[in-house]
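Residue numbers (this note's numbering), protein chains in the order written: chain A, 1 to 368; chain B, 1001 to 1095. We treat Cβ as the ideally placed atom computed from N, Cα and C, and that holds for glycine. Have a look at the structure below, then the notes.
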Amino acid sequence: MVGMATAESFVLAIGTKKGLWLATSKDRQQWSFTGPHFLMSEIPSIGIDTREGRTRIMVGVRSEHWGPTVAHSDDLGATWSEPEQGAVRFPEDTGAALERIWQIYPDAEARPGVVWAGAEPISVWKSTDGGEHFELNRGLWDHPHRSEWGAGYGGAAAHSIVVHPAGDTVHVAMSTGGVYRSLDGGTSWEPRNRGISAYFMPDPNPEFGQCVHKIAADAAVDGRLYAQNHHGVYRTDDNADSWDSIAEGLPADFGFVMLTHPRREGTAWVIPLKADGERIPPDGELAVHRTDDAGSTWQRLSNGLPTGEYNSVLRDAACVDTAEPAGVYFGTRGGSVYASADEGGTFQEVVSHLPDVLCVRAAVIAGA
Amino acid sequence: MREIRVVLPSVLQPLAGGQSVLTAPADGPVTVGKLLDAVTSDFAVLARRLRDETGALRRFVNVYVGGDEVRRLQGLETEVAPGQEVLVIQSVAGG
């Protein structure tokens, strides 16, 4: 749903180190909160599925004591369900156990019921029943490169899944391993990292092994994707066969976030951090940077953001909604969440002093 | 037939129908693994909170038999005798 401000409202889901908060708004200015849900469990992943005439919020939940699980709510968090046997469960023959759900990705409108998940250990999962039960993607699980994939500080995980809305192309990003592409809906996978530097490896230009932090697709240009790497911001125009740097004009090429506009060509957002060794906003000045020309130039956006901010923004602690103009949202490890109803032109702090923000998702929902 | 009692921490009791103690009949020693299988057979979510899908006890879940944590004994192969009580306690962890 686009526009139609009188007929739509918004839901904002904030996953933190110690629980989930949900907020609703009619205008993206005034938010009404509930939470914490799942108090004392971390919520590293959220998917909001607005297909099929309902709003389903799916969350990856992980308790330090009681392990990971996936739960969903069809009533904006009033009640939660989780399948008895678990939504994501490694088959016995793998000998593996789920550590953490890093990504929950509802597929396109044309594929109702299909939801993808990315997890630790590095794995991709697909559900065809709206996220209640997922099946392990064997093509990636059995990939011959698996033994050479590594773990970043946060763990070894498939953290980004980008599915072509009409075709069979799927891109997955993993840390560390880089970008892998499937052209057959996930049956087979090939690394696609040419042009992306892995400065921390003996060969800085390996076929795979890059530490990609986040990828996102340009909604208007087939085959164009953007990547925020562990140093390096890149774009591909050939479906990830090759990548070119678009970091020029940014104050730093390090960061975790990569967002793209839900419809408009060439528009993407990043939130730079100074460096690998100094993971703070440059000079302690928090700012979002937006390009409207596919990375040729960047505009610094900080209206409404604080000065003297030394917390970082994690890879999934940022999102866009699908309204017009698009909303941009992000949260910090200091527990503040900022929202913009004008594509980043002006931000407003909608909540502060939460636990570390791990994941933020927002959606336009029908009704008042 | 005698039984073995498994005492749950309060945070897990809602997953056991509100019960604080689950019991399994036993006419001889059984392993902790088999005991957990038995007492969680009707409570699948509880079973997943205690052990992962490989059957391993979750890292910060402690199970005590006769005052000893089973990792210091024979792990899930530790035998429990009828009449004994088994305690499930979450470890002190987190921040």
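Asked, Found
"When the Cα atoms are used, what is the spatial distance from A/GLY185 to A/SER197?", "27 Å"
"Could you give the residue range of the alpha helix (DSSP H) that holds B/ASP1037?", "1032-1039"
"Please report whether the beta-carbon of A/LEU98 lies at a distance below 8 Å from any beta-carbon of chain B.", "yes"
"Counting beta carbon pairs with one atom in the segment 1074-1084 of chain B and one in the segment 115-133 of chain A, are three or more of them shorter than 8 Å?", "no"
"I want to verify the contact list: residues of chain A whose CB lies under 8 Å from the CB of B/ASP1052, in sequence order.", "GLY67, ALA97 and LEU98"
"Counting C-beta neighbours from all protein chains within 10 Å, is the total for B/ASP1052 16 or more, i.e. buried, or is it exposed?", "buried"
"In three-state DSSP terms, what is A/ALA5?", "Residue placement at A/ALA5 is poorly supported in this model, since its pLDDT is 43, which falls under 50; the coordinates still yield a value, given next. Residue state, collapsed to three classes: coil."
"Of all the CB atoms in chain B, is at least one closer than 8 Å to the CB of A/GLY86?", "yes"
"Check A/HIS143 in the structure and name its three-state DSSP category.", "coil"
"Can you tell me the Cα-Cα spacing of A/PRO372 and A/GLN30, whole angstroms?", "No statement about residue 372 of chain A is possible, as the shown extent of chain A runs from 1 to 368 and does not include it."
"Any Cβ of chain A within less than 8 Å of the Cβ of B/ALA1016?", "no"
"Where A/ALA363 and B/LEU1035 are concerned, what is the direct C-alpha to C-alpha distance, given to the nearest angstrom?", "46 Å"
"Going along chain C in order, which residues have a C-beta closer than 9 Å to the C-beta of A/PHE90?", "The structure shown has no chain C; the protein chains it does contain are A and B."
"Going by DSSP in three states, B/GLU1053 sits in which element: helix, strand or coil?", "coil"
"Can you pull the chain A residues whose beta carbon is under 7 Å from the beta carbon of B/GLN1013, in chain order?", "Neighbours of B/GLN1013 on chain A: none; closest Cβ ~13 Å, over 7 Å."
"Grouping DSSP H, G and I as helix and E and B as strand, with all else coil, what is B/ALA1044?", "helix"
"Using the C-alpha atoms, what's the distance from A/ILE14 back to A/GLY327?", "15 Å"
"Buried or exposed for A/GLN103, going by 16 or more other Cβ atoms inside 10 Å?", "buried"
"Against chain A, does B/ALA1026 count as a neighbour if the rule is that its beta carbon must be under 8 Å from one of theirs?", "no"
"Could you have a look at A/PRO370 and say whether DSSP puts it in helix, strand or coil?", "No statement about residue 370 of chain A is possible, as the shown extent of chain A runs from 1 to 368 and does not include it."
"What does A/PHE254 pair with, by DSSP beta-bridge criteria?", "A/LEU273"
"Let me know the beta strand (DSSP E) ranges lying completely inside the segment 160-217 of chain A, each 3 residues or longer, listed in chain order.", "170-175, 178-182 and 212-217"
"If you count every other CB in all the chains shown that lies within 10 Å of the CB of A/MET1, and 16 or more means buried, which is it?", "A caution first: A/MET1 carries a pLDDT of 42, below 50, which makes its placement in the model too unreliable to give a value."
"Per DSSP, what kind of secondary structure is B/THR1078 in: helix, strand or coil?", "coil"
"If you draw a straight line from the alpha carbon of A/ILE101 to that of A/THR307, how long is it in whole angstroms?", "33 Å"
"Would you tell me roughly how many angstroms separate the C-alpha atoms of B/ARG1048 and A/GLY67, rounded to the nearest one?", "8 Å"
"Given that a residue counts as buried once 16 or more other Cβ atoms are within 10 Å of its Cβ, and exposed if not, what is B/GLY1018?", "exposed"
"Under three-state DSSP, which class holds B/ALA1016?", "helix"
"How about A/VAL350 and A/VAL360: are their beta carbons less than 8 Å apart?", "no"
"Examine chain A for any beta-carbon lying closer than 8 Å to the beta-carbon of B/ALA1093, and answer yes or no.", "yes"
"From the DSSP secondary-structure annotation, give me the bridge partner or partners of A/ALA97.", "Beta-bridge pairing links A/ALA97 to no other residue."
"Could you compute how far the alpha carbon of B/ARG1058 sits from the alpha carbon of A/ALA97?", "10 Å"
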